[in-house]
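A.B. asks: Residues in the sequence shown are numbered consecutively from 16, following the working numbering.
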Amino acid sequence: MTAECHTPAEPRPPANRVHDDTVLDAARECVLALGVRRTTLSEVARRAGVSRMTLYRRFPDVNSLLAALMTREFGALLGQVAAPDALNGSLRYLNAPNGSFSALNAPNDSFGVNGGGMRRRLVACVVEGVRLLSASPLLRSVLEVDPQLLIPYVFERLGSTQRIAEQFLHDQVLAGHADGSIRRGETSAQVRMLLLTAQTMVLSLRPATSDVDEDALYTELAHMLDAALTPEATA
């Protein structure tokens, strides 16, 4: 009599084997499909293919899950902002003569050339960050469906993603101080004003573009930041 062989069913991965990205991808799908307030841990667990207990051990509530999602999304966006192609693209707003939107004449007008150094790079970073955030499906979903969720981060406190942005800006401002392209001042105050300026534009871009061209606003943003950060001329 021969032993009968059976192929065991593939077990579900244990909790510590489920990658965070799997859960965060599922959370992103939920927010885009249902909105933040209708997103539940049960629905995220179902879409991620994990048990609710597995999800609860990683994220005790929806708020902690959404905070992790926004941190991941914003971190990825910062990586895009710093990419050379993105920066050169956004510099067209700073280089646009008399409000026109001519293409950047690389390499002569790329950042670090023709003066400006880190200041031009910082301006391009902020403009590109505003553009990417404004186009983010996740942020647009929150603004359109659950805008009240952003109220605490406008009127009460800075969130983790805002702190990440400030650290990024802080490094850029210090580099601009070092190469002489950014006006010396209280670094933390300069960084905070850059954050508030960008944040205001991101949150208000939709109504702001109802009767004003979006590219024209980006051009004004670029020139406003460049003028504010340019060192004062010495006699």
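Think of the CB as a built atom: it goes at the ideal place given N, C-alpha and C, for glycine as much as any other residue.
If you draw a straight line from the C-alpha of residue 35 to the C-alpha of residue 68, how long is it?
C.D. replies: Approximately 15 Å between the Cα atoms of the pair.
A.B. asks: Suppose you measure from the CA of residue 160 to the CA of residue 247; what does that come to, to the nearest Å?
C.D. replies: Answer to the nearest angstrom: the Cα atoms are 44 Å apart.
A.B. asks: In terms of residues, what are the limits of the alpha helix (DSSP H) holding residue 219?
C.D. replies: Unbroken alpha helix (DSSP H) run through residue 219: 202-223.
A.B. asks: Would you mind reading off the limits of the alpha helix (DSSP H) that contains residue 35?
C.D. replies: Note, residue 35: alpha helix (DSSP H), 35-49.
A.B. asks: For residue 194, which of helix, strand or coil comes out of DSSP?
C.D. replies: Note: residue 194 maps to helix in three-state DSSP.
A.B. asks: In the structure shown, what three-state DSSP assignment does residue 181 receive?
C.D. replies: Helix, per DSSP.
A.B. asks: With distance defined between alpha-carbon atoms, name the residue in 50, 196, 136, 154 nearest to residue 86.
C.D. replies: When only C-alpha atoms are compared, the closest one is 154.
A.B. asks: Given a threshold of 16 other Cβ atoms within 10 Å of its Cβ, counted over all protein chains shown, does residue 166 qualify as buried or as exposed?
C.D. replies: The residue in question, residue 166, is exposed, as its Cβ has fewer than 16 Cβ neighbours within 10 Å.
A.B. asks: How would you label residue 8, buried or exposed, when you count the other beta carbons within 10 angstroms and need 16 or more for buried?
C.D. replies: Outside the displayed range of the chain (16 to 250) lies residue 8, so it cannot be described from this structure.
A.B. asks: With DSSP as the reference, label residue 229 as helix, strand or coil.
C.D. replies: Note: residue 229 maps to helix in three-state DSSP.
A.B. asks: Give me the residue from 208, 170, 88 with the minimum Cα distance to residue 176.
C.D. replies: Of the candidates 208, 170, 88, the one whose C-alpha sits nearest the C-alpha of residue 176 is 88.
A.B. asks: Helix, strand or coil: how does DSSP classify residue 89 here?
C.D. replies: Residue 89 falls in the helix class under three-state DSSP.
A.B. asks: Does the Cβ-Cβ distance between residue 51 and residue 148 come in under 9 Å?
C.D. replies: Not closer than 9 Å, so no.
A.B. asks: Go ahead and label residue 183 buried or exposed: buried means 16 or more other beta carbons lie within 10 angstroms of its beta carbon, across all protein chains shown.
C.D. replies: The residue in question, residue 183, is buried, as its Cβ has 16 or more Cβ neighbours within 10 Å.
A.B. asks: Would you tell me roughly how many angstroms separate the C-alpha atoms of residue 116 and residue 235, rounded to the nearest one?
C.D. replies: With a pLDDT of 33 at residue 116, under the threshold of 50, the predicted position of this residue should be treated as unreliable, though the coordinate-derived value follows. Using only the alpha carbons, I get a separation of about 12 Å.
A.B. asks: Applying the 10 Å Cβ sphere with the 16-neighbour rule, what's the burial state of residue 135?
C.D. replies: Buried, because 16 or more other Cβ atoms sit within 10 Å of the Cβ of residue 135.
A.B. asks: Sorted by chain position, which residues of the same chain lie with C-beta nearer than 6 Å to residue 216's C-beta, five sequence neighbours on each side aside?
C.D. replies: Closer than 6 Å at Cβ, skipping near neighbours: 145.
A.B. asks: Relative to the alpha-carbon of residue 219, which residue among 81, 189, 162 has its alpha-carbon at the smallest distance?
C.D. replies: Answer by Cα proximity: 162.
A.B. asks: Give, in chain order, every unbroken run of the alpha helix (DSSP H) that is at least 4 residues long and sits entirely within the stretch 124-163.
C.D. replies: Segments of the alpha helix (DSSP H) lying fully in the stretch 124-163: 132-150, 152-160.
A.B. asks: In whole angstroms, what separates the C-alpha of residue 206 from that of residue 169?
C.D. replies: Each residue's alpha carbon lies about 16 Å from the other.
A.B. asks: Just how far apart, CA to CA, sit residue 45 and residue 137?
C.D. replies: In a straight line, the C-alpha of residue 45 is about 34 Å away from that of residue 137.
A.B. asks: Helix, strand or coil, according to DSSP, for residue 248 in the structure here?
C.D. replies: In the structure shown, residue 248 sits in coil (DSSP, three-state: anything other than H, G, I, E or B).
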